[in-house]
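Undergrad:
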Amino acid sequence: MLRKFTTVCLTAVCALSISMGASAEPAPSSSSSPGGISGIKWPESKALPTFAKVKRLDVADVYDAPGDVKIMLATLQGIVNRNQPRVYLLENQEEGKMTWLNDLKVPYTLHNDPWELMAEFKKEVKGIIVYDPKVPDSINVATTLAGLKDAVVASPELSARLTAAPYNLKVLDDLQGKFKDKMDAYTWQYENLWKQTTHRMLIGLSPDTSVKLPPGLPQSFKAVAEEKTQERDAKNRQTYDMDLTSFLGTDAVYLRFEDAFQQDGWGAAVHEVTVKADGQTIARFVPGTDDEKPFLYDAQESQLSSGSGGHRFADNGRYFVYGFKVPAGTKSLTASVDMWNQFKVYAGNEAPPSSEQKEPYGYLRDYAVANKAMVFWLGSNTPEQKALFDKILSDVPAGTPYLGWFSNDTEGEFNGVELLSNHSIYVLAADWFSNLTVFSGTDNKGQGPLPSDKVKTPKLENKIYVTYTFSEGDNFQYNQHRLRNLWDDPNRGQVPINWTSSPLLYDGAPAMLNYYRSTATANDQLIAGPSGGGYFYPNAWPEKTLPAFLKETSSYLKKTGMTVPYVLNRIANQNVPLSDSVIKAYEDNYRPNGLFLSWEDHFGVDILKGNLPVSTIQGISTVEDGRKILAEAKAKWDGNSPLFVSLGLLAWNMTPTDVVKLTDSLGPEYQPVLADQYFSLIRKANHLPTNP
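In our numbering, the protein residues as written are 5 to 696.
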């Protein structure tokens, strides 16, 4: 569960004097409180700003609130918390609504009516910015204006309530009818607002998200096709015929495709759909073509691929729905679908709730408003959008953080991160991070040794040494949500596990870092998520600026104890080997005993430049995946020397309990170890010295 920008540091002098987050010119003041006093401190030595200390909080539950209320309160939160963190919003319940709030151990008042917060803090707001629902990206422009004008963002419907008693707020800007489309909105924003915003961070957020859908499907929906085995290589590809006659009775029939085995990510893949009414073709299309558009009722988070002649697929909990209008008097209805892998197909004759219905959302907007950052949503795959993206990137220095994510899911991520890396910008996936203005006001409790630091490396023997690493640690919101659930698994600590995490929690959310460090066992090692102090592709990063950036971020790895980096390195959407200059930059500035690389369908260890052990991670998403890979490794092993296997655990699918099951199924020839032990053993096996 991201974008790019160009650096203005073009001279050699600039390249050699990069400071984390340093601005080419002084950043605009973040103050909005009386007397110009701001609670935000951001010295050039810090990657992210620090907010004033949290002392007490007013809390509102907005989980089920309408989207326009969520964004109104998130922008209010940014204005209020800029001076002192006082507002906390319950936006997510994945890890428990109250979990992190209670861990803060500060007094709070829970408001049953979220509007009570608006009444309480209205005097700190100077007015409202009204967005245009017809141009969703005006929501982002409104968010930027809210930060600059100490305002809250409002829908046209809410503006009537906010301008009336008891709030009596002025409309500072009404964006209705101002922009004709997305590019018009962002071009105007760049030309008129960019110079007023901070250039020390960039914020990439979708202007809206799908409305929350009710659980389950309409009563008429029944399964009409399902793959019963875990198929991943398209061996089951064929045209499947489905009789839909029993679903006649309304004016339309719907087909929903999803993943039959949602834990492992190889869901329904569809190449061609043909629907016939009484033998006459009423629909025939290949996904991704114009012929598909009239029938695609809800694309949800499905994706398109050009492979296999073109297909649409939906993995894990994703799905897609086609709708077909049925001619009056139809007696027989059939569908023939060319598909493969782990499909499950439902049919029904009631229009199901659709994710195509959108609403604004508040996550991270408090942080953008508080820091007076510009918010935008530009892609790298559309020339017009990329051109504006490049203009923005050209105005910020190397080492600038980009918080948020990218459109078009995986493809958008790969292209986006590569583009940002080209411009010496790193990513912090944070578009679903909640209350960052609060967590940036918590204290570090001291970063002493972790229990895993005291674990001795076992004697080198002729064994299969296995190290397990959970993915997604570069992802700020993963640290807040999914990681907390995994970490609280009662079986954590029974087996050695490496946990990728973001070293920049040290600045952005010290309370979260404190929790993970203080509750770690001797079998838990925190390591730096891709690719160190932020998510970037090192080969794509300019050679002149990479050493300075790694030098600056090395302090975060040391302060957090995440001294082993896990590196992703992609060019043109393909994993590639580390270049000689990148290897030297990591050796000189991070000085790791070893590093993990990529996410592949194979494992292996290479000694680069004669000194640096690099272990390729083979990803797994189920216990069976792990058993199969380790059994194959044993079958090929001669038993006369140690073998090293690094398995990457897909964090969205696997848990520590799964790792215990996998490990319990192994024989005595296998030995799970932590990352530090793993690389120490590799060094011993290859007669390499250990870095101090």
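The beta-carbon is built from N, C-alpha and C at its ideal position, and this holds for glycine as well.
1. Across the region 643-654 and the region 451-468, are there enough close Cβ pairs to call them in contact, namely three or more that are closer than 8 Å?
2. Which partner residues of VAL649 appear in the DSSP bridge assignment?
3. Could you spell out the range, first to last residue, of the alpha helix (DSSP H) harbouring GLY100?
4. Could you have a look at PHE261 and say whether DSSP puts it in helix, strand or coil?
5. Expressed to the nearest angstrom, what Euclidean distance is found between the alpha-carbon atoms of VAL110 and ALA339?
6. Strictly by DSSP, which residues pair up with ALA433?
7. Are the CB atoms of LEU176 and THR167 within a distance shorter than 8 Å?
8. Round the Cβ separation of SER505 and ASN483 to the nearest angstrom and send it over; I've been treating them as touching at under 8 Å.
9. Are ASP528 and ASN597 touching if we call contact CB-CB under 8 Å?
10. Would you mind sorting HIS315 into buried or exposed? The rule is 16 or more other CB atoms within 10 Å of its CB.
11. Can you tell me whether LYS153 is buried or exposed, with buried defined as 16 or more other CB within 10 angstroms of its CB?
12. Considering only their Cβ atoms, is the gap separating THR523 from ASN85 smaller than 8 Å?
13. Quick one: measure Cβ to Cβ for LEU217 and PRO357, integer angstroms, because I've assumed they're closer than 8 Å.
14. By DSSP's criteria, PRO569 is part of a beta bridge. Which residues make up the other side?
15. Output needed for HIS691: all residues of its chain with C-beta closer than 6 Å, excluding positions within five of it in sequence on either side, in chain order.
16. Is it true that the CB of ALA287 sits closer than 8 Å to the CB of TRP344?
17. Mind the definition here: the region 431-446 touches the region 658-668 only if three or more C-beta pairs lie below 8 Å; say whether that holds.
18. CA-CA distance, ALA434 and LYS632?
19. Would you call ALA332 buried or exposed, if buried means 16 or more other Cβ atoms sit within 10 Å of its Cβ?
20. Taking the alpha carbon of GLN1 as the point to measure from, which residue in LEU149, ASN543, GLY608, VAL568 has its own alpha carbon closest?
21. How many Å lie between PRO498 and ASP668 at the Cα?
22. Taking the alpha-carbon of GLU360 as reference, which of THR293, ALA303, SER142 has the nearest alpha-carbon?
23. Which complete beta strand (DSSP E) runs does the region 210-241 hold, if anything under 3 residues is left out?
24. Should the region 392-403 be called in touch with the region 195-207, which here means at least 3 C-beta pairs below 8 Å?
25. Measure the C-alpha to C-alpha separation of VAL571 and SER428 and round it to an integer number of angstroms.
26. Three Cβ pairs or more, each shorter than 8 Å: is that satisfied between the region 138-146 and the region 207-216?
27. Which residues bound the alpha helix (DSSP H) around GLU360?
28. Quick one: using the 10 Å Cβ neighbour count with 16 as the cut-off for buried, is GLU29 buried or exposed?
29. Using 8 Å for Cβ pairs, my map puts ILE531 next to VAL586. What's the rounded Cβ distance?
30. Taking just the CA atoms, how far does ALA227 sit from PRO298?
TA: Put simply:
1. yes
2. Locating residue 649 in the sequence shown gives position 645, where the first residue counts as 1. In the DSSP output, where bridge partners are listed per residue, VAL649 has VAL470.
3. If you number the sequence shown from 1, residue 100 lands on position 96. From DSSP, GLY100 is part of no alpha helix (DSSP H); its letter is neither H nor E.
4. As a position in the sequence shown, residue 261 is number 257, starting the count at 1. PHE261: strand per DSSP, three-state reduction.
5. Position 106 of the sequence shown, counting from 1, holds the residue named residue 110. Position 335 of the sequence shown, counting from 1, holds the residue named residue 339. So the alpha carbons of these two residues sit roughly 59 Å apart.
6. In the sequence shown, the residue the question calls residue 433 occupies position 429. DSSP output for ALA433 lists GLY408, ASN479 as bridge partner(s).
7. Counting from one through the sequence shown, the residue named residue 167 turns up at place 163. Counting from one through the sequence shown, the residue named residue 176 turns up at place 172. Contact flag unset, no.
8. For the purposes of this step, residue 505 is taken as the residue at position 501 of the sequence shown. For the purposes of this step, residue 483 is taken as the residue at position 479 of the sequence shown. Their Cβ separation, rounded to whole angstroms, is 6 Å, which keeps SER505 and ASN483 in contact under 8 Å.
9. For the purposes of this step, residue 528 is taken as the residue at position 524 of the sequence shown. For the purposes of this step, residue 597 is taken as the residue at position 593 of the sequence shown. No.
10. Position 311 of the sequence shown, counting from 1, holds the residue named residue 315. Buried is the call here.
11. Along the sequence shown, read from residue 1 onward, the residue named residue 153 stands at position 149. Buried, since its Cβ has 16 or more Cβ neighbours within 10 Å.
12. In the sequence shown, counting from the first residue as 1, residue 85 sits at position 81. In the sequence shown, counting from the first residue as 1, residue 523 sits at position 519. It is not a contact, given that the beta carbons lie outside the stated cut-off.
13. Stepping through the sequence shown from its first residue, residue 217 is reached at position 213. Stepping through the sequence shown from its first residue, residue 357 is reached at position 353. So it is a contact: roughly 5 Å between Cβ atoms.
14. To locate residue 569, count along the sequence shown from 1; it is residue 565. In the DSSP output, where bridge partners are listed per residue, PRO569 has ALA532.
15. As a position in the sequence shown, residue 691 is number 687, starting the count at 1. Once the five neighbours on either side are set aside, HIS691 has no close Cβ partner at all.
16. On the sequence shown, residue 344 is found 340 positions in, with the first residue counted as 1. On the sequence shown, residue 287 is found 283 positions in, with the first residue counted as 1. Their beta carbons are not under 8 Å apart, which means TRP344 does not touch ALA287 by this criterion.
17. no
18. Here residue 434 refers to the residue found at position 430 of the sequence shown. Here residue 632 refers to the residue found at position 628 of the sequence shown. Roughly 35 Å separates the two Cα atoms.
19. Mapped onto the sequence shown, residue 332 falls at position 328. With fewer than 16 Cβ atoms within 10 Å of its Cβ, ALA332 is classed as exposed.
20. Past the boundaries of the shown model lies residue 1; the chain is included only from 5 to 696, so the question cannot be answered.
21. For this step, residue 498 is matched to residue 494 along the sequence shown. For this step, residue 668 is matched to residue 664 along the sequence shown. Correcting the residue identity first, residue 498 is Gln in this sequence and not Pro. Cα to Cα, the separation comes out at about 10 Å.
22. For the purposes of this step, residue 360 is identified with residue 356 of the sequence shown, where counting begins at 1. For the residues THR293, ALA303, SER142, the minimum Cα distance to GLU360 belongs to ALA303.
23. 226-230
24. yes
25. As a position in the sequence shown, residue 571 is number 567, starting the count at 1. As a position in the sequence shown, residue 428 is number 424, starting the count at 1. Roughly 16 Å separates the two Cα atoms.
26. yes
27. Mapped onto the sequence shown, residue 360 falls at position 356. Looking at the DSSP string, GLU360 is not in any alpha helix (DSSP H), and its letter there is neither H nor E.
28. In the sequence shown, residue 29 corresponds to position 25, counting from 1. Note that GLU29 scores 35 on pLDDT, short of 50, meaning its location in the model is unreliable and no value can be drawn from it.
29. One-based indexing of the sequence shown puts residue 531 at position 527. One-based indexing of the sequence shown puts residue 586 at position 582. Contact doesn't hold; Cβ gap of about 18 Å is too wide.
30. Along the sequence shown, one-based indexing puts residue 298 at 294. Along the sequence shown, one-based indexing puts residue 227 at 223. Looking at the two C-alpha atoms, the distance is approximately 23 Å.
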